[in-house]
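Chain order of the listed sequences is Z and E.
Residues in the first sequence are numbered consecutively from 1, following UniProt numbering.
Residues in the second sequence are numbered consecutively from 1, following UniProt numbering.
Don't be surprised by glycine CBs; every beta carbon is placed ideally from N, CA and C.
A short write-up of the structure that comes next.
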Amino acid sequence: MVRLLTHNLLACHAKDCNTNNFPLQFKDVQLEIREADFNPEFLKGFMPKIDWKALVDTARQLGDTSLPLEQPEMVDDEFLKNLHHILLEIHVEEGSMTCPNCGHVYPISNGIPNMLLAEHEIG
Amino acid sequence: MSRPELQAPPEIYYGDTEAKKYTQNTRNQQIQADMTYRALELLNLTPDQPAFLLDVGCGSGLSGEILGEEGYIWAGVDIAPSMLEVALEREVEGDLFLQDIGQGFGFRPGSFDGVISISVLQWLLNAETSHPTSSPPHRLNRFFTTLHSAMRNPSRAVLQFYPTSDDQIQLITSIAQKAGFGGGVVVDYPNSKKARKVFLCLFVGGGGGQQVPQGLQGEEEDDSKVRFERRRERERAKVKTGKRKNVKDRDWILKKKELYRRRGKEGVPLDSKFTGRKRKPLF
């Protein structure tokens, strides 16, 4: 149940891994599309929080190219629908996420990522 | 019985059976729902504005369900895999993470518009190993600092927990303050043994303009009783006072005899003036 919504907020939290630790890279993923209620108000409120480059890169990696490279200043309905689909309807069920900096692998099983750290990785 | 957090670490205590039990118990559901609504009230979010919330220790998603019903989008973290499995079965809407909150979060700054947590913090107060990173102050510190940075400015976190002593409240609030939080402890029904609830109400930012909310005062509401208890009491009282008519009176006996005769049963006694009369007491 990792959606890109939360993936876009998630950085590596291992010890001394403070720079270049975002976004986590998906690997060997299985996707599932589940419809969700369209909520334009939420999306508009959430837009400022999005790291746009990371979102577009991840979406393209998962095979969705409906988002423009630059975050548009004017938002229309179609753009919001695309954004809604990418943020809230694509679920990553299986696979793993790798930190680009320290290389820590967070496995995803049943849609739940395992974020537990070993003792020596706790900051 | 001693408190669950003293028996085993959460990921072991909430194994498969305990996770199911916890989720299916209607009393747990009721308490959890009440506290979630109260926590939402204390969060004091702008009405009709969709927000992105974090549920710390979401478990099987009992409180997450309520967040979803109220129209919030949420993510949840928990350390017990069995609880998360139950949450998956119940098809809750939030994003779930298997995470130890004492190890800190990796969320980017300003991610959440609010944080709630029901009955979780007390689990951080026990050391599982002697490693320095597993001491309660270290884990609390890690939890609060990463939580603080993951929250939007201004926003609130409401964390309900069960402290065993004032020292624990003192420890938790002092570490939260060091992490940069404002706010304090709100106690609901402070004079009641059962209904007393402790909420840690933390603020991020806000320029000191935010006041710690008042705890609910007065007597606990009636819902601390088990539901339908009053009805049961009333029914019991009715049985005691009401004079029940004897069912097996003369008319009943005559009717039965008539029935037997019609069915052709042998040896049905004859009707007489003595039918259905009480015997005299022997003495």
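When Cβ-Cβ separations below 8 angstroms define contact, Z/Cys-12 makes contact with chain E. Around the beta carbon of E/Tyr-37, fewer than 16 other beta carbons lie within 10 angstroms, which makes this residue exposed. Interface criterion met: the Cβ of Z/Asn-110 is under 8 angstroms from a Cβ in chain E.
Residue-level contact check: Z/Glu-32 does not touch chain E, since none of the beta carbons of chain E fall below 8 angstroms from its beta carbon.
For E/Phe-105, the closest C-alpha among the options E/Trp-252, E/Leu-84, E/Gly-57 is that of E/Gly-57. In this structure, the CA atom of Z/Gln-71 is about 31 angstroms from the CA atom of E/Leu-43. Between E/Leu-84 and Z/Ile-112, the C-beta gap is smaller than 8 angstroms, which places the two residues in contact. One finds Met-115, Leu-116, Leu-117, Ile-122 in chain Z with Cβ atoms closer than 9 angstroms to the Cβ of E/Asp-100, taken in chain order. In the three-state reduction of the DSSP assignment, E/Val-247 falls in the coil class, being assigned neither a helical nor a strand state.
Rounded to whole angstroms, the gap between the alpha carbons of E/Phe-143 and E/Asp-188 is 25 angstroms.
At a cut-off of 8 angstroms, the C-beta of Z/Leu-9 has a neighbouring C-beta in chain E. With fewer than 16 other Cβ atoms from the protein chains shown falling within 10 Å of its own Cβ, Z/Asn-20 counts as exposed.
When C-beta atoms of the stretch 93-108 of chain Z are compared with those of the stretch 4-24 of chain Z, three or more pairs fall below 8 angstroms, so the two segments count as touching.
Nearest CB-CB separation between E/Thr-23 and chain Z: not below the 8 angstroms threshold.
Rounded to whole angstroms, the separation of the alpha carbons of Z/Glu-119 and E/Pro-10 is 17 angstroms. Rounded to whole angstroms, E/Ser-111 and Z/Leu-43 show a C-alpha spacing of 14 angstroms. In this structure, the alpha-carbon of E/Tyr-260 lies about 10 angstroms from that of E/Leu-254. Under the 8 angstroms criterion on CB atoms, E/Gln-103 is classed as interfacial with respect to chain Z.
The beta carbon of Z/Glu-35 is closer than 8 angstroms to those of Glu-89 in its chain, skipping five residues each way along the sequence. DSSP, reduced to helix, strand and coil, places Z/Gln-25 within a strand of the structure shown. Straight through space, the alpha carbons of Z/Asp-77 and E/Phe-199 are spaced by roughly 41 angstroms.
Interface annotation, E/Leu-88: in contact with chain Z, CB-CB separation under 8 angstroms.
Per DSSP, Z/Asp-51 lies in no beta strand (DSSP E) segment and is marked neither H nor E.
Between the stretch 114-126 of chain E and the stretch 18-27 of chain E, the count of Cβ pairs shorter than 8 angstroms is below three; the stretches do not touch. Residue E/Tyr-72 holds the alpha-carbon nearest to the alpha-carbon of Z/Asn-39 among E/Tyr-72, E/Lys-238, E/Pro-213. In this structure, DSSP gives E/Val-158 an extended state, which the three-state scheme calls strand. In the DSSP annotation of this structure, the continuous segment of the alpha helix (DSSP H) that includes E/Tyr-37 starts and ends at 26-43. Taking one beta carbon from each stretch, the stretch 80-100 of chain E and the stretch 148-156 of chain E have fewer than 3 pairs nearer than 8 angstroms; the two do not touch.
Close to chain Z, meaning a Cβ-Cβ distance shorter than 7 angstroms, are the following residues of the UniProt domain "Methyltransferase type 11" (54-126) of chain E: Ile-73, Ala-75, Leu-84, Leu-88, Asp-95, Leu-96, Phe-97, Leu-98, Gln-99, Asp-100, Gln-103, Gly-104, Phe-105, Gly-106, Phe-107, Arg-108, Gly-110, Ser-111. With respect to the 8 angstroms criterion, E/Ile-116 and E/Val-77 are not classified as neighbours on the basis of their beta carbons. Chain Z places a beta carbon closer than 8 angstroms to that of E/Pro-50, counting this residue as a contact. With respect to chain Z, the C-beta atom of E/His-131 has a partner C-beta closer than 8 angstroms. Looking from the CA of E/Val-212, the closest CA among E/Glu-41, E/Thr-26, E/Tyr-14 belongs to E/Glu-41.
Inter-residue distance for Z/Val-56 and Z/Tyr-106 is about 21 angstroms (C-alpha atoms, whole angstroms). As DSSP reads the structure, Z/Thr-98 sits in a beta bridge with Z/Gln-25, Z/Val-105. Contact annotation: E/Gln-210 and E/Gly-182 have beta-carbon atoms nearer than 8 angstroms.
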